[in-house]
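Enquirer: The structure that follows is given in the form of structure tokens.
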Amino acid sequence: MLEQPALEGESSRQRKASSPIPPDAKSIGDAWIARLEKRGALIGYGLAGKEADQPVEMVDTGLTEKEFVTWANENGWHVPEHIHWNFVPGLNLPRVSDTAKNAIRVWPASTARTGLQHLALYYGRIELRDGCFFVGQFDQPANKLAWFHAELGLDIDASGYFILRKSG
């Protein structure tokens with residue numbers, strides 16, 4: 002498998018804080034963190050200071066800006082302007098291309114969006130055996146099932162080789 006360049010698409014977006022921190026900022030931030038955790042869309046957040054009782058000043062979501070705005074509007078929530086919001090880019094590729102669909106059993110990838118990604122397999126092999134993906138690090142046999150980030154997809158190049166494509 003070869004890594005190919007990502008297709009051009011939407012980039013990550015952000016909404017910078019545009020108002021001062023209000024007196025009830027701690028409870029507002031806690032409510033938004035709870036909402037995002039419940040939805041499974043919280044990547045991370047930062048506080049206004051080093052103490053645990055400080056208000057939330059920055060939130061990384063696992064939603065696109067459009068998904069976030071739609072969700073907030075559907076629930077009648079006012080998005081606080083004292084918080085800096087970060088949103089993931091939209092996906093611009095299918096998880097598995099039409100060309101690759103019939104060559105595999107399942108695409109072992111998360112459906113949750115990820116933020117900054119640290120990959121566990123820096124060096125090694127990815128093998129496709131009997132329709133399943135296996136990985137092995139360094140000189141180890143490829144005998145562990147593979148799991149990919151939501152932003153990685155599978156395709157087949159012009160020569161007929163499987164390739165990983167990054168979306169978003």
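If you want our numbering, it's the position in the sequence shown, counting the first as 1, plus 1.
We put the CB at the ideal spot given by N, CA and C, even for glycine.
Any idea what DSSP makes of residue 80, helix, strand or coil?
Expert: coil
Enquirer: Near residue 146, which residues of its chain fall below 8 angstroms by C-beta distance, leaving aside the five closest residues on each side in sequence?
Expert: Result list for residue 146: 109, 133, 134, 135 and 136, in chain order.
Enquirer: Quick check on this structure: which residue in 41, 38, 90 and 58 has the alpha carbon closest to the alpha carbon of residue 21?
Expert: 58
Enquirer: Between the alpha carbons of residue 75 and residue 112, how many angstroms are there, rounded?
Expert: 22 angstroms
Enquirer: Take the Cβ of residue 52 as the centre, count every other Cβ of all protein chains shown within 10 Å, and call the residue buried at 16 or more, exposed below.
Expert: exposed
Enquirer: Tell me which residue opens and which closes the beta strand (DSSP E) that residue 167 is part of.
Expert: 163-167
Enquirer: Hey, residue 18 and residue 79 are a contact pair by Cβ (cut 8 angstroms); roughly how many whole angstroms apart?
Expert: Residue 79 and residue 18 do not touch by the CB rule: their CB atoms are close to 15 angstroms apart, not below 8 angstroms.
Enquirer: Can you list, in chain order, the stretches of the beta strand (DSSP E) that have 3 or more residues and sit fully within the segment 24-81?
Expert: 43-48 and 57-62
Enquirer: Expressed to the nearest angstrom, what Euclidean distance is found between the alpha-carbon atoms of residue 125 and residue 72?
Expert: 41 angstroms
Enquirer: Along the alpha helix (DSSP H) that carries residue 158, what are the first and last residues, could you check?
Expert: Counting along the chain, residue 158 falls outside any alpha helix (DSSP H), and DSSP gives it neither H nor E.
Enquirer: How big is the Cα-Cα spacing for residue 46 and residue 160?
Expert: 44 angstroms
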